[in-house]
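Student: Residue -18 is where the sequence shown starts when you use the numbering used here, and the numbers rise one by one after that.
Heads up, the beta-carbon is just placed ideally off N, CA and C, and yes, glycines get one too.
Got a structure here, written out as structure tokens. Questions coming.
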Amino acid sequence: HLIINNAGVDLSATVEGASYDDFEWLMNINFWGVVHGTKAFLPHLRATGQGHVVNISSVFGLVSIPTQSAYNAAKFGVRGFTDALRIELDIQQCGVSATTIHPGGIKTNIARNARIDDSASAFGDDPAEFGTEFDKLARTTPEKAAHQILRAVSRNRRRALIGPDAVMFDLASRLPAGLYQRLLAAGARRNMSKR
-18 HLIINNAGVD
-8 LSATVEGASY
2 DDFEWLMNIN
12 FWGVVHGTKA
22 FLPHLRATGQ
32 GHVVNISSVF
42 GLVSIPTQSA
52 YNAAKFGVRG
62 FTDALRIELD
72 IQQCGVSATT
82 IHPGGIKTNI
92 ARNARIDDSA
102 SAFGDDPAEF
112 GTEFDKLART
122 TPEKAAHQIL
132 RAVSRNRRRA
142 LIGPDAVMFD
152 LASRLPAGLY
162 QRLLAAGARR
172 NMSKR
């Protein structure tokens, strides 16, 4: 028995530029959707004495980037929620487990369907190019991602990195405190000066 909570929408906006309504919209889907899905099906999994909860976070549940504060917060929340759930299930030894998935760029329409606030343009997010730029970076097909997720479940992994870019972001998250943020900010400033 397997439940996969895969809820994802995107909002590109600065913290200051994003409205409360936009933050709430994203959190209701990306975070609360995972919580509600888990709580709805967990009793059924426990009743069977076997099963697995798979919650989809993101590489942005490992590192944060500018103009993605709401998305970052939701995906870090999914990570923390699933980590706690996994420990609780391990303690209870009930036959149910949980895995957090951290996909990198998956070839989906999430960027094409994103809400993009004008405030993000100061950071180089061009609404007309947002989906096209994401398409250039997204290297992993949904089919390949599904295969890697099912393999992680079969091995009862606590977490799984999906795609080569996910491995890169995971390594960045392990750099000395604040280094990846400084490198990211320097790269972003350099890109902005080219526009």
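Give a yes or no on contact between the segment 35 to 44 and the segment 74 to 82, applying the rule of three or more CB pairs nearer than 8 angstroms.
Tutor: The segment 35 to 44 vs the segment 74 to 82: in contact.
Student: Using C-beta distances below 7 angstroms, list every residue in its chain close to L43, excluding the 5 sequence neighbours before and after it, in chain order.
Tutor: These residues qualify, in order along the chain: H83, F150, D151, S154.
Student: Go through its chain and collect everything with a Cβ distance to H(-18)'s Cβ below 8 angstroms, but skip five positions before and after it.
Tutor: Contacts found: H25, L26, T29, Q31, G32, H33.
Student: Have a look at W6, V77, G85, G76 and flag the residue whose alpha-carbon is nearest the alpha-carbon of V40.
Tutor: It is G85.
Student: Can you round the beta-carbon distance between T121 and I143 to whole angstroms, since I take them to be within the 8 angstroms contact cut?
Tutor: Between I143 and T121 the Cβ distance is about 6 angstroms, and since that is below 8 angstroms, they are a contact.
Student: Based on the DSSP output, what are the partners of H83 in its beta bridges?
Tutor: DSSP output for H83 lists L142 as bridge partner(s).
Student: What are the boundary residues of the alpha helix (DSSP H) that includes V59?
Tutor: Counting along the chain, the alpha helix (DSSP H) containing V59 begins and ends at 50 to 73.
Student: When you compare only the Cα positions, how much space is there between L(-8) and G76?
Tutor: Using only the alpha carbons, I get a separation of about 37 angstroms.
Student: Report yes if the CB atom of A55 is closer than 7 angstroms to the CB atom of F4, and no otherwise.
Tutor: Not closer than 7 angstroms, so no.
Student: I'd like the list of long-range same chain contacts for N(-13), defined as Cβ closer than 6 angstroms, with 5 residues on each side in sequence excluded.
Tutor: So the list reads I37, once near-sequence residues are dropped.
Student: If you follow the beta strand (DSSP E) that V34 is in, where does it begin and where does it stop?
Tutor: Segment 32 to 37, the beta strand (DSSP E) holding V34.
Student: For V148, which residues in the same chain have their Cβ closer than 7 angstroms to its Cβ, ignoring the five residues on either side in sequence?
Tutor: L142.
Student: What does the alpha-carbon distance come out to for the pair S102 and L118?
Tutor: Those two C-alpha atoms are separated by around 19 angstroms.
Student: The beta strand (DSSP E) with L(-17) in it runs from where to where?
Tutor: It spans -17 to -14 - the beta strand (DSSP E) in which L(-17) sits, taken as one unbroken run.
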